[in-house]
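One point on numbering: in full-length UniProt numbering, the residue at position 339 of the sequence shown is 339, and numbering is uninterrupted. Note that beta-carbon positions come from the ideal geometry of N, C-alpha and C, so glycine has one too. Here the structure comes first, spelled out in structure tokens, and everything after it is commentary.
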Amino acid sequence: MKRYWYSLVAVLFLAFALTACGRMAKNDLPLYQRSASITNALAEERVFGLAHLKEPGPGENIKVLYLKGTPYEMGFQHGKLLKKEVQEFYNKLIPLLKFFASEDMMDEIYDRMEPYIPLEEKEEMRGLAHGADIPLRAVHWVHSVPEVSEYGPKKNFRKHFKQTSCSNIAAFGKATHDGALYHMRVLDWIRQLGAQKFPVILVHKPTTGNASVTFSYAGFIGCVSGMNDKNMSFGEMGYGDPPGESLEGTPFIFLFRKLMRESNSTDDAIKIIQNTTRTCSYIYLITDAKSKDDAKKAVMLITDRGRVKVVTENTDINDERDNEAYPAIDDVVYGGAKAQILYENITKHHGRMSTESLMSMCDPISLTGNMQNVIFKPETLEAWVSNAGSSGKDEAGKACNQKWFHFDFSQYLK
Numbered sequence: 001m002k003r004y005w006y007s008l009v010a011v012l013f014l015a016f017a018l019t020a021c022g023r024m025a026k027n028d029l030p031l032y033q034r035s036a037s038i039t040n041a042l043a044e045e046r047v048f049g050l051a052h053l054k055e056p057g058p059g060e061n062i063k064v065l066y067l068k069g070t071p072y073e074m075g076f077q078h079g080k081l082l083k084k085e086v087q088e089f090y091n092k093l094i095p096l097l098k099f100f101a102s103e104d105m106m107d108e109i110y111d112r113m114e115p116y117i118p119l120e121e122k123e124e125m126r127g128l129a130h131g132a133d134i135p136l137r138a139v140h141w142v143h144s145v146p147e148v149s150e151y152g153p154k155k156n157f158r159k160h161f162k163q164t165s166c167s168n169i170a171a172f173g174k175a176t177h178d179g180a181l182y183h184m185r186v187l188d189w190i191r192q193l194g195a196q197k198f199p200v201i202l203v204h205k206p207t208t209g210n211a212s213v214t215f216s217y218a219g220f221i222g223c224v225s226g227m228n229d230k231n232m233s234f235g236e237m238g239y240g241d242p243p244g245e246s247l248e249g250t251p252f253i254f255l256f257r258k259l260m261r262e263s264n265s266t267d268d269a270i271k272i273i274q275n276t277t278r279t280c281s282y283i284y285l286i287t288d289a290k291s292k293d294d295a296k297k298a299v300m301l302i303t304d305r306g307r308v309k310v311v312t313e314n315t316d317i318n319d320e321r322d323n324e325a326y327p328a329i330d331d332v333v334y335g336g337a338k339a340q341i342l343y344e345n346i347t348k349h350h351g352r353m354s355t356e357s358l359m360s361m362c363d364p365i366s367l368t369g370n371m372q373n374v375i376f377k378p379e380t381l382e383a384w385v386s387n388a389g390s391s392g393k394d395e396a397g398k399a400c401n402q403k404w405f406h407f408d409f410s411q412y413l414k
């Protein structure tokens, strides 16, 4: 009953915040004054012409945005083509953020991270702000949210609850119906923020580095689920609050962008993560469908500020917090919030795992906050994505209960 009243009070406060905090201020400076590279109409037309937006088809609700150029140019294209959606999303989210933290506090949080954010992502955020006619600091605030939500010291009030969220499964070889590699990433997060109302698939084709696809939201350039053109996929899970967590490091949403841009193999990804100044405790599942070595085809990295532990297929794992077991399964790497249910579902379908069987697993293994699910088939650069249908805690609104959208990344690389 106590938990019910705490939840009710929280909902009422959030409702008050949404109605009482006003709208985000718009930046009224002219584009040619704000931008150092787009200084006239001809330059704006050239940059804008590199990108294109695919609107949802019948029965679909997700846009596909193709971006090409420098990081700044891709950010500008994003902001310009999705200006209405970006402004609407920020106008809903910023009042919520201000309810929990002052503007000065949000600036301080970003300032701690800023020295460790890759230049490419800083420039893309700048371009996004200029294209969408919004303050750059608002873009910084929004992109600070995922890291702060995993930062241990701000979550002490939830210390009695297991902190793992999300699940990941990579299966290949003997585990799948055709021997191909499949990777399912289940994102359990905060549906109440409403990001799932603005889903977008972002295709990045930068002037330098690998092309990639991010399953994201309007106005969000970070990556929580993605794939690059080197047949690699990337998924993440939170993993408790070990001592020494810090915001002075590279947020994982930008680390993933760097990994997609610079990694050609799981070995590359491991080295980049090892050499990165890390922040909070995360588990990453990264795959490479090209690899002929089963130990490098799918790797799970248990990371925090001070360590990177690599786990490969057919390996027994125990949760370090409560010793919950994740028994080894041949040609499978997996982890998540529900160890026993994961194991039961994987072994039930072992030998015939497919996109369909993975879709069927989403409901039993996901949590109430199931916000997004992505199934990758990196070998063919295909993916299937579903997004939550509501901002509440109802079962029907979970992403696992929504329509799946098929996406062929290879069609955007021609």
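Inter-residue Cα distance where the pair is residue i and residue j
| i | j | result |
| --- | --- | --- |
| residue 368 | residue 361 | 15 Å |
| residue 173 | residue 390 | 37 Å |
| residue 407 | residue 354 | 16 Å |
| residue 72 | residue 328 | 44 Å |
| residue 256 | residue 250 | 10 Å |
| residue 166 | residue 141 | 23 Å |
| residue 120 | residue 350 | 41 Å |
| residue 210 | residue 318 | 35 Å |
| residue 265 | residue 293 | 11 Å |
| residue 27 | residue 405 | 35 Å |
| residue 171 | residue 106 | 40 Å |
| residue 113 | residue 346 | 38 Å |
| residue 104 | residue 176 | 51 Å |
| residue 216 | residue 76 | 16 Å |
| residue 313 | residue 297 | 9 Å |
| residue 81 | residue 122 | 19 Å |
| residue 63 | residue 85 | 11 Å |
| residue 337 | residue 42 | 52 Å |
For residue i, the nearest candidate out of the options (CA to CA)
| i | options | result |
| --- | --- | --- |
| residue 310 | 74, 301 and 339 | 301 |
| residue 78 | 50, 314 and 97 | 50 |
| residue 52 | 44, 281 and 66 | 66 |
| residue 55 | 97, 272 and 200 | 200 |
| residue 410 | 118, 213 and 193 | 213 |
| residue 69 | 81, 83, 46 and 180 | 46 |
| residue 150 | 393, 93 and 278 | 278 |
| residue 48 | 58, 57 and 37 | 37 |
| residue 352 | 331, 335 and 338 | 331 |
| residue 29 | 86, 134, 43 and 180 | 134 |
| residue 93 | 333, 139 and 239 | 139 |
| residue 295 | 194, 224 and 181 | 181 |
| residue 87 | 339, 413, 267 and 132 | 132 |
| residue 224 | 168, 337, 57 and 414 | 168 |
| residue 392 | 44, 323, 102 and 189 | 189 |
| residue 148 | 238, 333, 227 and 267 | 238 |
| residue 248 | 57, 115 and 386 | 115 |
| residue 414 | 229, 291 and 336 | 229 |
8 Å CB neighbourhood of residue i in its chain, flanking five on each side removed
| i | result |
| --- | --- |
| residue 388 | 191, 196, 370, 371, 372, 397, 398, 399 and 402 |
| residue 344 | none |
| residue 227 | 212, 213, 233, 234, 260, 376, 378, 381, 383 and 409 |
| residue 194 | 89, 92, 93 and 391 |
| residue 117 | 250, 251 and 254 |
Residues near residue i by beta carbon distance below 6 Å, same chain, minus five either side
| i | result |
| --- | --- |
| residue 89 | 198, 218 and 219 |
| residue 269 | 259, 263 and 286 |
| residue 32 | 39 |
| residue 375 | 184, 355, 358 and 384 |
| residue 415 | This structure does not reach residue 415, given that the chain is present from 1 up to 414, and the question cannot be answered. |
| residue 21 | For residue 21, the predicted model reports a pLDDT of 49, less than 50, meaning its position is unreliable and no value from the coordinates is stated. |
| residue 156 | Confidence at residue 156 is low in this model, with a pLDDT of 42, below 50, so its placement is unreliable and no value can be given for it. |
| residue 315 | 328 |
| residue 382 | 408 |
| residue 341 | 364 and 365 |
| residue 143 | 222 |
| residue 304 | 242 and 281 |
| residue 324 | 339 |
| residue 44 | 38 |
Cutoff 7 Å; reference residue i; Cβ partners in own chain excluding five residues on either side
| i | result |
| --- | --- |
| residue 35 | 130 |
| residue 126 | 72, 75 and 136 |
| residue 306 | 244 |
Residue i CB to nearest heavy atom of the ligand MN below 6 Å
| i | result |
| --- | --- |
| residue 347 | Among the components of this structure there are no ligands whatsoever, and the ligand MN is therefore not found. |
Any C-beta of chain D under 7 Å from that of residue i
| i | result |
| --- | --- |
| residue 173 | Although the question refers to chain D, the structure presented lacks it and comprises just one protein chain. |
Entirely enclosed alpha helix (DSSP H) segments - the segment 294-354, minimum 4 residues
Contiguous alpha helix (DSSP H) elements confined to the segment 294-354 occur at 294-297 and 339-349, taking only those with 4 or more residues.
Which full runs of the beta strand (DSSP E) of 3+ residues lie inside the segment 97-179, going along the chain?
For secondary structure counted as the beta strand (DSSP E) over 3 or more consecutive residues, the segment 97-179 holds these complete runs in sequence order: 167-171.
Validate contact between the segment 235-244 and the segment 203-219 using beta carbons, cut 8 Å, 3 pairs:
In short, these stretches do not touch, since the Cβ pair count stays below three.
Three or more C-beta pairs below 8 Å linking the segment 286-299 and the segment 229-238
Between the segment 286-299 and the segment 229-238 there are three or more inter-stretch CB-CB distances shorter than 8 Å, so the stretches are counted as touching.
Mind pulling the beta strand (DSSP E) runs of 3 or more residues that sit fully within the segment 61-94?
Segments of the beta strand (DSSP E) lying fully in the segment 61-94: 63-69.
Only counting runs of 3 or more residues, tell me where the beta strand (DSSP E) segments fall wholly within the UniProt domain "Peptidase C45 hydrolase" (201-313), in order along the chain.
Runs of the beta strand (DSSP E) inside the UniProt domain "Peptidase C45 hydrolase" (201-313): 212-217, 226-228, 232-238, 282-288, 298-304 and 307-311.
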